[in-house]
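The structure appears below as structure tokens.
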Amino acid sequence: MYLSCVRAENFRIFGPGRGDDGDEDGRLELELDRGTNVLVGENDSGKSAIIDAIRICLLTTAADYYRVTRDDFHVGSNGRAKAFTITCGFSDLTVEEQATFLELVTTDREGTASLFVTVHAEAMDPLRPQRISVTTRTGPDGSGPALDGAARELLKATYLRPLRDAEAELRSGRGSRLSQILASYPAMSVQEVDDFDEKADSASTLVGILHRAEYHLARNKSVAAALDDINGDYLSKFAIGSDSLRGQITVSGDATLARALERLELALSPETGEWTRRGLGYSNALFMAAELLLLGNSDIAPLLLIEEPEAHLHPQLQARIMDLLQERAQTDKGGKRPTAPVQVLLTTHSPNLASAIAVKHLTLVAKGRTFRLAPGLTYLDGGDYEFLTRFLDVTKAALFFARAVAIVEGDAEAILLPALAAATGPTFNASGVTVVNVGTVGLFRYSRIFQRDGEQIPVAVACIRDRDLVPAGTPADMRGKLKCAQEMKPDEITRHLKKLTARDSGNVRTFVSDHWTLEYDLAASSWEMATLMHQAVQAAIASKSAWPDAGTLAESDTTAAKQVTQWRDDGKPLETTAIDIYRPLRMEQASKPIAAQHAARLLGKAPITEKQLPKYLVDAFAYLRAGATR
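Per this note's numbering, the very first residue in the sequence shown carries number 61; after that it's consecutive.
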């Protein structure tokens, strides 16, 4: 069996169900896969609340204790909720598992057995917020029998907290995490026998070895000498009358398996033969390996909860950790694995991890809502999923953590659009807008991630693309196979634009250039932008063989600006001027990304306003900024 669903009502960011007044349904309704589940999204979207809901409902194998507090109750428009409910549901129970949880199982009309664990927490006294009643029962609505101790132990999840101190977790000490892990390892059961033979002075089990060590420590000559001095020179002086005071030095604790395991610690082997402290990243990897050892020996619903496994790990090690987790989550088809595959539920803010796993395993969490990206739940088709597996890299995976996404077709747009936004209003970073460069293909393969039936993902997505129609007066060598807008009928242009925006739906909108391409439209939008773009293109030509120094760039900028002024004074139309400015880029005499880089440089000191930009960019920026703040 596996954890198939998590539900929560009035718990933290997750609110109540839809009421009679028509309020939006704010409950958590999350379906999970039996393998790997990755929660992605920006901060404060609800990812940690989901993990903590499971921790409260199922408890964890760690020694930590989650205490429900007043802060766990949802605060909505009507104030703080007085109660919350969390339900975890398990599906696909085997016959043996149904027998194990016999009285706790729920069977539907089709005869399918499921196991539900429901926690209900209620504030008992508003004047004493620390007084909270918490009950744990079975059944989808919590009306079944109480969850007894044995069943609760079997259902406990393994939890790795964010920014964990892996070194401290693996140190020796009473109740250490390592001792708990090792105590559950099957091979340890035979180590509980005390086989210390005092006459033969031999032992092989851990308890026997500990007993033998205690025996010899107590008889050590130095220890005995110190004890004699304590008793003879000091303690005996405190005796009154016939009182006899005599001390004895022993090893602390009793010779049990628990005490033996608590004296063990786990650390990375030294590289040079001498111990030295290693980095936090590898210590975290060692700790995860130990936790997986415990999970690997669980037969019933082994569940691993990890918050931010990327903590302290460099990108390559993040990918290695993700590979291992996915391997442990896979069902062993060869029959070599003696235990159930581990179900993994993790949260992450790392594009490295988000790009290292197939999109179908991701769940996007936004503003207290969850959106699984599994097949059948998005507008992505089978080919899209395969395409994204190949091409969704680290830079593109940033779209999973944005409030708004601008999807562009090239490096020039990725460089220039943030600079234009910063010059005319709040920066993209300040607005939570991420620019994703997908190249010349796959524009809508990425946008379809955010499209689905029903409730839409609350992320504004702007696909910014070229119109690919040349203006009147474009020379044949620049035109190529493109159609000229002036040679087309109005309805032909309408059909052309409709085709470019045909995939728009939900929060995904396509913004098509007003005339031709980004660079041409910028040059044709105003004389101020024509000057800036001519300076950028000429600087790109000068940068073709080697990057020019500051003096050369300044001279190029001045010359280009004077030329645009001369064209304007001579009465040359802006549209014709824009064609001449764009020619070096179109004819590959200069690099578009380098020209964009120079344009971004010039925007840092040029007083550009929205009125001087192409309308389609102004509209796209407004849509993205509004979407990021709603």
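The C-beta atom is built at its ideal place from N, Cα and C for all residues, glycine as well.
Handout entry: Nearest to Arg130 (by Cα), restricted to the options Asp185, Ser137 and Gly149
Key = For the purposes of this step, residue 130 is taken as the residue at position 70 of the sequence shown. Distances from the alpha-carbon of Arg130 to those of Asp185, Ser137 and Gly149 put Asp185 closest.
Exercise for the section: Please say whether Val495 and Val468 have beta carbons closer to each other than 8 Å? Expected result: Taking the sequence shown and counting its residues from 1, one reaches residue 468 at position 408. Taking the sequence shown and counting its residues from 1, one reaches residue 495 at position 435. The Cβ atoms of Val468 and Val495 lie closer than 8 Å to each other.
Exercise for the section: Verify whether the separation of the beta carbon atoms of Leu424 and Phe460 is less than 8 Å. Expected result: Looking up residue 424 in the sequence shown gives position 364. Looking up residue 460 in the sequence shown gives position 400. Contact flag set, yes.
Practice task
For His594, I'd like the list of residues in its chain whose CB is within less than 6 Å of its CB, leaving aside the five on either flank, ordered along the chain.
Solution key: The residue you call residue 594 lines up with position 534 of the sequence shown. Ala620, Val624 and Ile641, listed in sequence order.
Practice task
Could you pull out every unbroken beta strand (DSSP E) segment of at least 3 residues lying fully inside the region 435–510, listed in chain order?
Solution key: If we require 3 residues or more, the beta strand (DSSP E) runs fully inside the region 435–510 come out as 464–468 and 493–497.
Handout entry: At least 3 beta-carbon pairs within less than 8 Å: the region 652–667 vs the region 579–596
Key = The region 652–667 makes contact with the region 579–596: 3 or more CB pairs, one atom from each, lie closer than 8 Å.
Problem - Distance between beta carbons of Ala345 and Arg237, contact taken as under 8 Å - result: If you number the sequence shown from 1, residue 237 lands on position 177. If you number the sequence shown from 1, residue 345 lands on position 285. Not really, about 15 Å apart at Cβ, beyond 8 Å.
Practice task
Put Val519 into one of helix, strand or coil per three-state DSSP.
Solution key: The residue you call residue 519 lines up with position 459 of the sequence shown. For Val519, the secondary structure class from DSSP, reduced to helix, strand or coil, is coil.
Problem - Lys622 beta carbon near the ligand SAM (any heavy atom closer than 7 Å) - result: Judged by which ligands are present, the structure shown has none, so any question about the ligand SAM falls away.
Exercise for the section: May I have the straight-line CA-CA distance separating Thr198 from Asp152, to the nearest angstrom? Expected result: Residue mapping note: residue 198 aligns to position 138 of the sequence shown, counting from 1. Residue mapping note: residue 152 aligns to position 92 of the sequence shown, counting from 1. Straight-line Cα distance between these residues: approximately 17 Å.
Problem - Proximity below 8 Å, CB of Ile639 to CB of Gly533 - result: Position 579 of the sequence shown, counted from the start, is the residue given in the question as residue 639. Position 473 of the sequence shown, counted from the start, is the residue given in the question as residue 533. Contact flag set, yes.
Practice task
Would you check if the distance between the CB atom of Leu373 and the CB atom of Ile366 is smaller than 8 Å?
Solution key: Against the sequence shown, residue 373 aligns to sequence position 313. Against the sequence shown, residue 366 aligns to sequence position 306. Cβ atoms of Leu373 and Ile366: not closer than 8 Å.
Practice task
Report the option in Ala273, Ser329, Gly687 and Val135 whose CA atom is closest to the CA atom of Ala522.
Solution key: For the purposes of this step, residue 522 is taken as the residue at position 462 of the sequence shown. The residue from Ala273, Ser329, Gly687 and Val135 with its alpha-carbon nearest to that of Ala522 is Gly687.
Problem - Counterpart residues of Thr97 in DSSP-defined beta bridges - result: As a position in the sequence shown, residue 97 is number 37, starting the count at 1. Rather than Thr, the amino acid found at residue 97 in this sequence is Asn. Partner residues in the beta bridge of Asn97, as assigned by DSSP, are Leu405.
Problem - Validate contact between the region 575–583 and the region 515–531 using beta carbons, cut 8 Å, 3 pairs - result: The region 575–583 is in contact with the region 515–531.
Handout entry: Asp255 at chain B interface by Cβ criterion, 8 Å
Key = Within the model displayed, chain B is absent; a lone protein chain is all it includes.
Practice task
Return the Cβ separation of Gly428 and Phe74 in integer angstroms, given the expectation that the two are a contact with Cβ distance under 8 Å.
Solution key: On the sequence shown, position 368 is the one that residue 428 refers to. On the sequence shown, position 14 is the one that residue 74 refers to. Their Cβ separation, rounded to whole angstroms, is 6 Å, which keeps Gly428 and Phe74 in contact under 8 Å.
Problem - Residue environment, Val419, which counts as buried when at least 16 other CB atoms sit within 10 Å - result: If you number the sequence shown from 1, residue 419 lands on position 359. So Val419 counts as buried.
Handout entry: Classification of Gly492 by the beta-carbon crowding that lies within 10 angstroms, buried from 16 upward
Key = Sequence index remark: in the sequence shown, residue 492 carries index 432 (1-based). Burial call: buried.
Handout entry: Same chain, Cβ closer than 6 Å to Ser573, five either side skipped, listed in chain order
Key = Position 513 of the sequence shown, counted from the first residue, corresponds to residue 573. Correct list, in chain order: Asp526, Arg527, Asp581 and Tyr676.
Problem - Cα-Cα separation between Lys396 and Thr172, rounded to whole angstroms - result: The residue you call residue 396 lines up with position 336 of the sequence shown. The residue you call residue 172 lines up with position 112 of the sequence shown. Interpretation of Lys396 is limited by its pLDDT of 49, a score under 50 that renders its predicted location unreliable; the figure taken from the coordinates is listed afterwards. Going from the Cα of Lys396 to the Cα of Thr172 covers about 29 Å.
Exercise for the section: Specify the secondary structure class of Phe298 as computed by DSSP and reduced to three states. Expected result: As a first step, residue 298 is located in the sequence shown; it is residue number 238 there, counting from the start. Annotated three-state conformation of Phe298 is helix, per DSSP.
Practice task
Put Asp81 into one of helix, strand or coil per three-state DSSP.
Solution key: Taking the first residue of the sequence shown as position 1, residue 81 is located at position 21. The predicted model places Asp81 with a pLDDT of 48, which falls under 50 and marks its position as unreliable; any figure quoted below should be read in that light. Correct three-state label for Asp81: coil.
Practice task
Return the CA-CA distance between Ser249 and Leu317, expressed in angstroms with no decimal places.
Solution key: To locate residue 249, count along the sequence shown from 1; it is residue 189. To locate residue 317, count along the sequence shown from 1; it is residue 257. When rounded, the distance between both Cα atoms is 9 Å.
Handout entry: Distance, Leu295 Cα to Leu287 Cα
Key = Counting from 1 along the sequence shown, the entry for residue 287 is found at position 227. Counting from 1 along the sequence shown, the entry for residue 295 is found at position 235. Cα-Cα distance, rounded: 10 Å.
Exercise for the section: Starting from the N-terminal side, write out each stretch of the beta strand (DSSP E) that is 3 residues or longer and does not extend beyond the region 106–133. Expected result: Listed in chain order, nothing qualifies, since the region 106–133 has no complete beta strand (DSSP E) run of 3 or more residues.
Practice task
Please go through the same chain and pick out, in chain order, the residues whose beta-carbon is closer than 6 Å to the beta-carbon of Trp627, but skip the five residues on each side of it.
Solution key: As a position in the sequence shown, residue 627 is number 567, starting the count at 1. Correct list, in chain order: Thr637.
Problem - Euclidean distance between Cα positions of Leu270 and Ala315 - result: Position 210 of the sequence shown, counting from 1, holds the residue named residue 270. Position 255 of the sequence shown, counting from 1, holds the residue named residue 315. Cα to Cα, Leu270 sits roughly 6 Å from Ala315.
Exercise for the section: Starting from Val173, follow the beta strand (DSSP E) in both directions and report where the run begins and ends. Expected result: In the sequence shown, the residue the question calls residue 173 occupies position 113. A small fix is needed here, since residue 173 is Ala in this sequence, not Val. Note, Ala173: beta strand (DSSP E), Ala173 to Ala183.
Practice task
Answer with buried or exposed for Met348, where buried requires no fewer than 16 other C-beta atoms within 10 angstroms of its C-beta.
Solution key: Mapped onto the sequence shown, residue 348 falls at position 288. It is buried - the Cβ of Met348 has at least 16 other Cβ atoms within 10 Å.
Handout entry: CA nearest to the CA of Leu118, picked from Phe681, Leu214 and Gln158
Key = Looking up residue 118 in the sequence shown gives position 58. If we check each option's Cα against that of Leu118, Leu214 comes out closest.
Exercise for the section: Count the other CB atoms, across all protein chains shown, that sit within 10 Å of the CB of Gln190; report buried if there are 16 or more and exposed otherwise. Expected result: Reading the sequence shown from its first residue, position 130 is the one you call residue 190. With fewer than 16 other Cβ atoms within 10 Å, it is exposed.
Practice task
Rounded to whole angstroms, what's the CA-CA distance from Leu422 to Arg646? Just pull it up for me.
Solution key: Along the sequence shown, read from residue 1 onward, the residue named residue 422 stands at position 362. Along the sequence shown, read from residue 1 onward, the residue named residue 646 stands at position 586. Going from the Cα of Leu422 to the Cα of Arg646 covers about 40 Å.
Exercise for the section: Using 10 angstroms around the beta-carbon of Gly86, count the other beta-carbons present and answer buried if the total reaches 16, otherwise exposed. Expected result: Numbered from its first residue, the sequence shown carries residue 86 at position 26. Buried is the label assigned to Gly86, since at least 16 other Cβ atoms lie within 10 Å of its Cβ.
Problem - Beta-carbon separation (whole angstroms), Asn70 vs Ala159, contact threshold 8 Å - result: Your numbering for residue 70 matches position 10 in the sequence shown. Your numbering for residue 159 matches position 99 in the sequence shown. Between Asn70 and Ala159 a beta carbon distance of about 35 Å is seen, past the 8 Å cut, so the two are scored as non-contacting.
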